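First to last, the sequence lines map onto chains A and B. The first sequence runs contiguously to residue 163 in the numbering used here. The second sequence runs contiguously to residue 326 in the numbering used here. By construction, the Cβ of each residue, glycine as well, lies at the ideal position given by its N, Cα and C atoms. Remember, predicted model here, so these are calculated numbers, not experimental data.
Number of protein chains: 2
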Amino acid sequence: EDVLVTGVAADRNEAKITLQRVPDRPGLAAKIFGPIAKAHIVVDMIIQNASEDGTTDLTFTVPQNDYARALEIVAPIAAEIGAGGVKSDTDVVKVSVVGLGMRSHAGVASRIFEVLAREGINVEMISTSEIKVSVVIAAKYSELAVRVLHQALVAEGFEEESA
Amino acid sequence: EDVLVTGVAADRNEAKITLQRVPDRPGLAAKIFGPIAKAHIVVDMIIQNASEDGTTDLTFTVPQNDYARALEIVAPIAAEIGAGGVKSDTDVVKVSVVGLGMRSHAGVASRIFEVLAREGINVEMISTSEIKVSVVIAAKYSELAVRVLHQALVAEGFEEESA
Ligand SMILES: C[C@@H](O)[C@H](N)C(=O)O
Ligand SMILES: C[C@@H](O)[C@H](N)C(=O)O
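Written out as structure tokens, the structure is:
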């Protein structure tokens, strides 16, 4: 397969909000996002991994100027649904690598993780879409991450290892 | 904003593998995906939420026929990096709702969660991209989920509530 990595972008305008230890039963994601949607809060990422002990974390990102309002809305909901807590962070950046022709995300993803690890950058969150691999990292690494990923994947060109 | 939900799709060919309680420090995601990429395993979703206690879960999905090989590769890595365990499930389906013009994912997402909750379907994982909101649910609900989501979002048409 011929993967072409076309660019690396950083979105520094995102703040993340995590409802921790949400009971993993039907209806709770709806209880959280209903009011968020009604308030016209702009939600970009929604990430929920599978639960282990009957609870799971639900994270979403909003623009920095929707952050206070979003927190205000979800805090009482978190309490009402019995979530363990709410954690949030405005000091994050979403870095996305766009790759055309990715039949598998593994190659581009592993290269991203390798490059960031080499710089001592911790990968806090990971999400994928058809043409992107996105990571959320600490905002202070934004410029460094974009630069090293662009060098390794775009400038040097990403080559999938052949079978 | 004018959101148009154009379709609902189900991918029943995905199996999920979760490395549980991966120590949250640089270099470990690279250690997992390096060998996975070298083995040419086709990875679709990669989901990692933020850590809480210094560890986090890392989930990825592969086609059913890459499943056994992927598990074989990650099991020893999980042990080597000190992960808490490996959990996997072939009985899942990824259901994706495609929406054009979604400035925020909140409206479409909350409607999806509402509809699934009404049917008693538990949302196991959530992921978003520019034009999609995807959920992973138990495979047995595949046909029901697609039918009710198509009815509610495509046939009836999704309307963002106006401010
Ligand atoms: C945790 C939350 O997503 C829950 N599983 C639900 O279906 O609403
Ligand atoms: C958990 C894993 O993603 C780790 N944070 C890393 O950067 O490799």
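| query | result |
| --- | --- |
| Positions along the region 9-38 of chain A whose CB lies within less than 9 Å of some CB in chain B | Lys16, Thr18, Gln20, Arg21, Asp24, Arg25, Pro26, Gly27, Leu28, Ala29, Ala30, Lys31, Ile32, Phe33, Gly34, Pro35, Ile36, Ala37 and Lys38 |
| Cβ-heavy atom distance, Phe60 (chain A) to ligand 1, below 7 Å | no |
| Thr181 (chain B) CB to nearest heavy atom of ligand 2 below 7 Å | no |
| Helix, strand or coil at Pro63 (chain A) [DSSP, three-state] | strand |
| Exposure of Ala192 (chain B), with buried meaning 16 or more beta-carbon neighbours within 10 Å | buried |
| Below-8 Å beta-carbon distance, Gln211 (chain B) vs any chain A residue | yes |
| Phe196 (chain B): CB within 7 Å of a non-hydrogen atom of ligand 2 | no |
| Within 8 Å, strictly: CB atoms of Ser305 (chain B) and Ser297 (chain B) | no |
| Chain-ordered chain B contacts of Phe113 (chain A) [CB-CB under 7 Å] | Ala192, Ala193 and Phe196 |
| Pairwise C-alpha distance: Glu156 (chain A) and Leu58 (chain A) | 36 Å |
| Ser273 (chain B) - DSSP class collapsed to helix/strand/coil | helix |
| Bridge partners - Ile209 (chain B), DSSP secondary structure assignment | B:Phe223 |
| Cβ-based neighbour list, Ile73 (chain A), same chain, cut-off 8 Å, excluding 5 preceding and 5 following | Pro35, Ile36, Ala39 and Ile41 |
| Sub-8 Å separation of Val258 (chain B) and Ala178 (chain B) beta-carbons | no |
| Nearest residue (CA-CA) to Met288 (chain B), options B:Ile180, B:Val166, B:Arg310 and B:Phe321 | B:Ile180 |
| Segment contact, 8 Å Cβ cut-off, at least three pairs: the region 217-234 of chain B with the region 258-267 of chain B | no |
| Where Ile199 (chain B) sits in the DSSP three-state scheme | helix |
| Where the beta strand (DSSP E) containing Val123 (chain A) begins and where it ends | Note, Val123 (chain A): premise wrong, no beta strand (DSSP E); not H, not E. |
| DSSP three-state assignment for Pro76 (chain A), whether helix, strand or coil | helix |
| Asp216 (chain B) versus Ala301 (chain B): straight-line alpha-carbon distance, rounded | 28 Å |
| Residue-chain proximity (Thr55 (chain A), chain B), Cβ-Cβ < 8 Å | no |
| Between the CA atoms of Pro26 (chain A) and Val286 (chain B) - distance to the nearest angstrom | 7 Å |
| Distance CB(Val86 (chain A))-CB(Ala75 (chain A)) smaller than 8 Å | yes |
| Whole-Å CB distance - Gly245 (chain B) paired with Pro186 (chain B), under 8 Å assumed | 6 Å |
| Nearest-angstrom Cα separation, counted from Ile210 (chain B) out to Gln48 (chain A) | 8 Å |
| Chain A contacts from the region 247-258 of chain B (Cβ-Cβ distance under 7 Å) | none |
| Endpoints, alpha helix (DSSP H) assigned at Ala308 (chain B) | Ser305 to Leu312 |
| Ala117 (chain A) to Asp174 (chain B) span [Cα, whole Å] | 32 Å |
| Beta carbon proximity, Asn65 (chain A) to chain B, threshold 8 Å | no |
| Three-state secondary structure (DSSP) of Leu168 (chain B) | The question names Leu, but residue 168 (chain B) is Val in the sequence shown. Residue state, collapsed to three classes: strand. |
| Buried or exposed by the 16-neighbour rule on C-beta atoms within 10 Å, applied to Thr169 (chain B) | exposed |
| Minimum C-alpha distance to Glu130 (chain A) - residue among A:Arg111, A:Ser51, A:Gly99 and A:Asp91 | A:Gly99 |
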